[in-house]
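As structure tokens, the structure follows; a few thoughts come after it.
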Amino acid sequence: MNPQFLMDGLIAGAIIGLGAVGVTLTYSILRFSNFAHGELLSWGAYLALGISSALGVLAAGLTTPLGPFSFGWSLPIAAVLAIALTGLLALALDAALFSSFRRRGSAIIIMVMASFGASLALRSLLEFLFTSKPAYFSQALQIAMKLGLGLRATPDQLAMLAVALVSVIIVHLVMTRTDIGRAMRAVSENPGLAGIAGIDVRRVIRTAWFLGAALACIAGIMSGLIIQIRPYLGHDLLLPLFAAAILGGIGSVPGAMIAGLFIGLSEAFTVQLIGAEWRAAVSFAILIAVLLVRPRGLFGKAT
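In the working numbering, the protein residues as written are 714 to 1016.
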């Protein structure tokens, strides 16, 4: 068996893990499964693409590749702006849709169905604006470098792995070492009691939306850079994202990332062993197994 599946699995798992961290944060705070989360990955990738292209027109030098990478300074600058815009999109979605349901005390199923509708609307708008034709951050071809043990990776892939690692460490530190992180954990445990204790629950909710959307944007940019950008980019990753969030344990940032890597490696192993047509079944099988055997996930707290 070709050991290259390990590198392929790590790269796919890093994308899944980052998206799953966003899922687990919003679920633990908002108490519902947001099926529009996948579209935030797609919007983040397209926003970064649009900004990067505009920067390239304004200053052609910004598109000159940085060293061994396929992209220039236009992409990192565009990524920062896209993260902010994707966060604002998530806040706007909450203000226009979900906040009214929370005020009314609506049932969880209503919010879940509303997220389905929001997902369809956001995806259709992307197709209207950008068409369904695949897009790319760069047309440059990269030669995979030998890493030893039969593994190869391009500079872009190694850079994305580093970005994923740094992003998860930052989020973990925010959750464990800052006041807003402690407030988020308190709201996750008991929103009513947290409000009585003087915590601004609405501020925590806004932070959860923004942080989750920011991570989704990074995951979308990673997927777009390594593979391609399509309106269905986030939709196709939705099942692995939820499987990783549940496997890792709702509310656990490191758990979601570790679970994402596990799912990515499992998918790559399945493709190597059986065939690519079974890739989609892996996340579903893992999700069902976790729900049957250990519903709280690997790092979730017992209830």
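For each residue, glycine too, the CB sits at the ideal point set by N, CA and C.
Check: Alpha-carbon to alpha-carbon, A749 and F829; Outcome: 6 Å
Check: Of the listed residues G988, L1004 and T920, nearest to L960 (C-alpha basis); Outcome: L1004
Check: Buried versus exposed call for D892 [16 or more other C-beta atoms within 10 Å across all chains shown]; Outcome: exposed
Check: Residues near M888 in its chain [Cβ-Cβ closer than 7 Å; skip 5 each side]; Outcome: G894, M897, R898 and V966
Check: Separation of I796 from A758, as counted between CA atoms; Outcome: 9 Å
Check: Assigned secondary structure, G861 (DSSP; H/G/I helix, E/B strand, else coil); Outcome: strand
Check: Sub-8 Å separation of M826 and A877 beta-carbons; Outcome: no
Check: Short Cβ contact (8 Å threshold) for G964 with G1013; Outcome: yes
Check: CA-to-CA distance, A857 to V984, given in whole angstroms; Outcome: 20 Å
Check: Assigned secondary structure, I963 (DSSP; H/G/I helix, E/B strand, else coil); Outcome: coil
Check: Alpha carbon of G785 to alpha carbon of Q852, nearest angstrom; Outcome: 12 Å
Check: Rounded separation between L951 and L864 - CA only; Outcome: 28 Å
Check: Residues sharing a beta bridge with I942, DSSP; Outcome: A848
Check: Inter-residue Cα distance where the pair is G818 and G947; Outcome: 29 Å
Check: Residue from A767, A957 and A932 whose Cα sits closest to the Cα of I790; Outcome: A767
Check: Selection from P1008, R1009, R1007 and M720 that minimises the alpha carbon distance to K859; Outcome: M720
Check: Through-space distance from A848 to S755, alpha-carbon basis; Outcome: 12 Å
Check: CA-to-CA distance, V879 to I999, given in whole angstroms; Outcome: 27 Å
Check: P944 beta carbon less than 8 Å from that of R836; Outcome: yes
Check: A853, DSSP secondary structure in three states; Outcome: coil
Check: CA-to-CA distance, L871 to A969, given in whole angstroms; Outcome: 20 Å
Check: Reduced DSSP category for A772 - H, G, I as helix; E, B as strand; rest coil; Outcome: coil
Check: DSSP-derived helix/strand/coil call for A866; Outcome: strand
Check: Runs of alpha helix (DSSP H) wholly within the stretch 872–910 (minimum 4 residues, chain order); Outcome: 892–902 and 904–909
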